[in-house]
Structure formats: structure tokens, C-alpha cells
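Input: a single structure, listed below in C-alpha cells.
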Amino acid sequence: MSKTGRYTKMAGMAGLAVLAMSAPAFAQEAEEAFTLSAPETAYIFNTLLFLIGGFLVMWMAAGFAMLEAGLVRSKNVAMQCTKNISLFAIATIMYYLIGYNLMYAGVDGGYFGSISLWGVDDSGGVAADGTGYASASDWFFQVVFVATAASIVSGTLAERIKLWPFLLFTVILTGFIYPIQGAWQWGGGWLSEMGFSDFAGSTIVHSTGGWAALMGALILGPRIGKYVKGGGVSPMPGSSMPLATLGTFILWLGWFGFNGASQLALGTIADANAVSTIFINTNMAAAGGVVAAMLLTQLLYKKVDITMALNGALAGLVSITAEPLAPTLGWALIIGALGGVIVVLTVPLLDKLHIDDVVGAIPVHLFCGIWGTMAVPLTNGDTSFAVQATGVISIGIFVAVTSLVLWLALRFTIGIRCSEEEEMMGLDKAEIGVEAYPEFTAS
Amino acid sequence: MKLVMAIIKPFKLDEVREALTAIGVQGLTVTEVKGYGRQKGQTEIYRGAEYAVNFLPKLKIEVVVSTDQADSVVSAISGAAKTGQIGDGKIFVISVEQVLRIRTGETDAEAL
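What follows is the structure, encoded as C-alpha cells:
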């Protein structure tokens, strides 16, 4: 508006007359300029899918932050928020510096790509087959996935890990560990040549985060007082169920981007149908996870456990992530519900083994990630259990071993755990000096 | 003068306040407290693990009245706070030696 106004004022009546005379020719030019070929239209829709999916998945970082803020005690909430915002930033930077090209540049059936900075490259133009997209939209969509894997680790290790060692682990996880195993499948590496199938990352994103979290929990040890002598468990209830619920809903919303946009194209009717099917299957699996977790906790413990219902939603979502397209709605419900069952049964199992997972990330992301990946052949005839198992095991071993070595290295150099006194005081005061709820009296 | 101190169930506060207002009590102090009695708290389950809730949330109300009013205050509180279930609470009556209203300097009965 303002630009037009200024032009008119400067040019005056003469200018307007010229404008009026040239109007027909101008309109014709415009008409030609705005005629898009089918591949160009597809390019725009593909790009739009990446961008919408990308910002939905970016928002999952907020979901993890709120879920974790709600499931830790109030004295550690600000620390948990700090970890979540910083890990997202680190993942972004590392994926630019190293990660993307290590995962995608010239993998060619091998084990990793090249080490180089990523940069925008749209020189290829518009692919004639309608599969084109803006390169930056793809990069953006990929970078938010890395952050998701890193978020998983932060919840498990909450309430006792020091900030900077955790962030150093995040640097290596997002710059090297995640991209290398990702290259094996999504980068066109050896697993993809073998016929492994992991649509949106039950194994590549969720189990990877889960393995890194499990190794961290083993090296870090449980929170003081969590396991009492004689094998008893002393629960430490989370500070805010509303925040944990909000976080879960945000993650559920974000998952439509996570799975839906992993179709990677929206330029044809077939793709539009596929993305839509993925949306409803994703939603149904989450619903199945919630209801299964609620029914099972009611049966086992005589009360519905809200934290298990929230974990159940995420369990269903992780379970359907390896194959959100092929299942019918009924299969999606079953796959998600079994994820919910897995979570309710394995959360106490980890406690029996004295593995302290504050938010249940290991059952949700690791165990359901494995389940979801192994469930792919149930609905997708082009896959096999043997190849799926090969992917689960090989990525599992790679991530577990590299994470274990890294956690041990950090533990025996700079140390990863807060002192007992700091842990009892709460990491908000001890580590960052800012309390989440400074006006609350100590209880 | 007597200090009537009562531990009650939190959801009974409004009824207790109304009962006290009805018999002319002019002021009340309420504190959120936690504690246990003969039942030693309760057990709850969180994420599959049973744990003891050793201290249950209660409210402590405190009101200072003249000695001749103390009995009616006690019966008003006990009447309003009673559910008949475990955990209804207790009432304690304690002698008060001196009262002073800070703003005016009034003392004892005048300050109540």
C-alpha cells in the first residue's frame, strides 16, 4: 500500500496516464508469468509440505520442554527448560556445520557422507517428474528431526546431570552419532539398499535418542533416594500435570508434521491421499496408546495414572512412526495400543533394574521405537522381519556403543553428575541460579 | 483469653468460617499444613511404584477469643468440620496471656 501511494504522488497525473495505457500489455505478461507447469506446482506443494511439517516438528521441542518441566520436581524445572532450549539451538548449529552433509552428501550405499558445511543449493531447478522442492525446506525439515532425538535424552537424565557435559554430549549426538546412522537409511546407505524400512524414524530418531538416553542413565546412575535399600522404589512425582499434558498435546500435534511430511511430497493426488492417510493413522495410534495405558493402569493399580496416559499417547505415536502409511485405521489402533501396553509394563521394569528414567523416555522412544520398526512387515508386504531386525540391531549397537564411550569419557574427564548437595538443593539453584517458581515456599 | 487452634480438612474451611462468623468471631488465621495422625498417611501409586504419602495436607485455623466464648467456638468448629470419616482433625484450646493490637496499642479483651 505505502509503496503504491508514494509512486502515485511522485509521478503525478502523467504517470497515471502511462500506467493506464500500458495496463493491457502488463496484464498479459503477468498472466504468462503466473502460468505454472505441473512440475512447478508440485515443487511448490512439496516445499510447502516440508515447511509446514518442519515448523510442526520444531514445535515438538516445546512439547518436550513442557512434558519434562511437568514431570520433574519444581526445584529442577528451570534447569530442564534451559536444557531444552539449548539442545535445540545446538542441534541446529551442528547439523549445519557437519550433520546434514555427513548424513546425505554422497553416502551411495555406504556408511556416511562427507564432512562439509551445508549450503542452499537450488541450482538443479525444477525436476520434471514433480519431485522437486526448495533445498532449504528439506534442510529445515531434517534439522528439526535431529533436535527431537536430542530432546529424548534430556528427559531421562533430568534432575541430576550437569548442564555443560549434557550439552557436550548433544554436540556429538547431533553432529556425528545421529547423522551417521541416519546416513545408513535415509542418506541412501547400506541399510536402505538392503530394504530396511523406517518411514519417519521409529528407529532412526526415537530409538537412537532412546539408546543414548539408556546409556546415559546407566553411567549417570539414579537420583539420590529413588531406590531405597531392599529393592523398594521411592517415586518422585512430577511438579505439574497440566504442563506435562500440554507438552504431550504439543508433541501429538507436532507428530502430524513428523509423520505426515515424511511422505516428502505433496505434488500429486497420490501424495495428497498418502499424507492424509498418515495423519489419521498417526492420530489413531496415539488414541490407541492412551486408552490402552489407561485401561491397563486401572486394571493393575486400581487408578488411572495420568503420567502413563500421557506416555501412552507418545508410545502410540512412536510405534506408528516406522510405518504410518500402510496400516488401515484398525491396524494403526492396534499398533498404537500395543505401544501403550509396552510403556505401562516396562516403566516398572526399568525401576526394578534401578535404571532411573525420569520421564519414561526409554520405554516410549526406545522400546516402542523397536516395536514400531518390527511391526512394519505386519502391514507393509515389501518389508521383512529379518531386514527390520538387522536395522534395529545395527543402529542399536552403533548408537549404544558410541554413546556409552562418550558418556564414559565425559564422566572420567569433566564429570557428568552434580554433587549430592547440589542435587538435594535442586539444579535450578545449583546450576543456573534461577528458580522456576521463586515465589513458592520450599516444601 | 483462649487460643483455639484446629486442624481441619481443607475443603471444610468455608463451612467452618461461616459457622464462626455466625457466632460473632471477628478474625481468623489460616495456614496450609501437612501432617499425619493414627493412620500414618496413605499409600499412592505413581508410575507403577507404590509409595507412602506420609504427610497429608490439612489446614490449621487459629482464633483467639475471650474465655467465655471458647466453648462455643470449639463446638462451632467441630460441628462444621465433621464428616465422620478418618482424618477430620483435632481442636486444641490454649490459654493466652496477652494480646495487643499493633495499630492502636489496645490490649487484651479490647484487642480481640
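Residue numbers (the working numbering), protein chains in the order written: chain A, 4 to 446; chain B, 77 to 188.
Every residue, glycine too, gets a C-beta built ideally from N, C-alpha and C.
Under 8 Å by beta carbon: chain B residues contacting residue i
i	result
A:Pro-240	Tyr-122
Any chain A beta carbon closer than 7 Å to residue i
i	result
B:Val-127	Per the sequence shown, residue 127 of chain B should be read as Tyr rather than Val. Yes, B:Tyr-127 counts as interfacial toward chain A.
Neighbouring residues, chain B, relative to residue i (Cβ below 7 Å)
i	result
A:Val-236	Ala-125
A:Pro-366	By Cβ distance, chain B contributes nothing, its closest Cβ being about 10 Å from A:Pro-366, past 7 Å.
A:Met-311	Arg-123
Same chain, Cβ closer than 7 Å to residue i, neighbours up to 5 away in sequence not counted
i	result
A:Ile-345	Ala-318, Pro-366, Phe-370, Cys-371, Trp-374
A:Leu-3	In the structure as shown, chain A starts at 4 and stops at 446, and residue 3 of chain A therefore has no counterpart that could be examined.
A:Trp-193	Gly-112, Gly-113, Tyr-114, Trp-187
A:Leu-430	Asn-79, Met-82, Glu-162, Cys-421
B:Ala-185	Ser-142
A:Glu-196	Gly-112
B:Ala-187	Val-175, Leu-176, Arg-177
A:Met-287	Leu-332, Ala-335, Leu-336, Gly-339
Chain-order list of residues whose beta-carbon lies under 6 Å from that of residue i (same chain, five-residue window excluded)
i	result
A:Phe-401	Gln-184
A:Met-24	Only weak support exists for where A:Met-24 lies, its pLDDT of 48 falling under 50; the value from the coordinates is given anyway. Once the five neighbours on either side are set aside, A:Met-24 has no close Cβ partner at all.
A:Ser-200	Val-379, Thr-386
A:Leu-52	Ala-264, Leu-269
A:Leu-54	Ser-140
A:Ser-243	Gly-73
A:Pro-42	Val-129, Ala-131, Gly-133
A:Phe-282	Phe-259, Gly-263
B:Ile-170	Leu-79
A:Trp-410	Met-218, Gly-219, Ile-222
A:Ala-14	Because A:Ala-14 sits at a pLDDT of 42, beneath the cut-off of 50, its placement in the model cannot be relied upon, and the following sentence gives the value as read from the coordinates. None.
A:Gly-363	Asn-314, Val-350
B:Lys-88	Ala-157
A:Ser-119	Asn-104
Under 9 Å by beta carbon: chain B residues contacting residue i
i	result
A:Asp-354	Arg-123, Gly-124, Ala-125
A:Lys-306	Glu-120, Ile-121
Supposed close pair residue i, residue j - CB separation, criterion 8 Å
i	j	result
A:Leu-217	A:Leu-70	The pair is not a contact, with the Cβ atoms about 18 Å apart (cut-off 8 Å).
A:Asp-354	A:Val-236	5 Å
A:Gly-57	A:Val-147	5 Å
A:Ser-406	A:Gly-250	Their Cβ separation, rounded to whole angstroms, is 24 Å, which puts A:Ser-406 and A:Gly-250 out of contact at 8 Å.
B:Lys-85	B:Thr-159	7 Å
B:Ile-99	B:Ala-152	5 Å
A:Trp-340	A:Val-307	In the sequence as presented, Trp is not what sits at residue 340 of chain A; that position holds Ala. Not really, about 16 Å apart at Cβ, beyond 8 Å.
B:Val-140	B:Met-77	6 Å
B:Ile-121	A:Tyr-304	4 Å
A:Tyr-107	A:Val-149	In fact, because the Cβ distance is near 12 Å, the residues do not count as touching under 8 Å.
A:Ser-154	A:Asn-87	7 Å
A:Leu-90	A:Leu-256	With a Cβ gap of about 20 Å, A:Leu-90 and A:Leu-256 do not count as contacting.
Test: residue i CB closer than 7 Å to a CB of chain B
i	result
A:Val-346	no
A:Val-350	yes
A:Tyr-103	no
A:Val-361	no
Beta-carbon proximity list for residue i, same chain, < 8 Å, skipping 5 on both sides
i	result
B:Gln-115	Ile-162, Gly-163
A:Ile-337	Gly-291
A:Phe-388	Met-377, Pro-380
A:Gly-228	Ser-237, Met-239
is_contact[residue i, chain C] using C-beta, thresh 7 Å
i	result
A:Ala-186	The structure shown contains no chain C; its protein chains are A and B.
The region 130 to 137 of chain B touching the region 99 to 112 of chain B, judged by at least three CB pairs closer than 8 Å:
yes
Check whether the region 203 to 210 of chain A and the region 318 to 332 of chain A are in contact - that is, three or more C-beta pairs closer than 8 Å.
yes
For the 8 Å Cβ check, are there 3 or more pairs between the region 94 to 113 of chain A and the region 169 to 178 of chain A?
yes
Across the region 184 to 199 of chain A and the region 390 to 398 of chain A, are there enough close Cβ pairs to call them in contact, namely three or more that are closer than 8 Å?
The region 184 to 199 of chain A is in contact with the region 390 to 398 of chain A.
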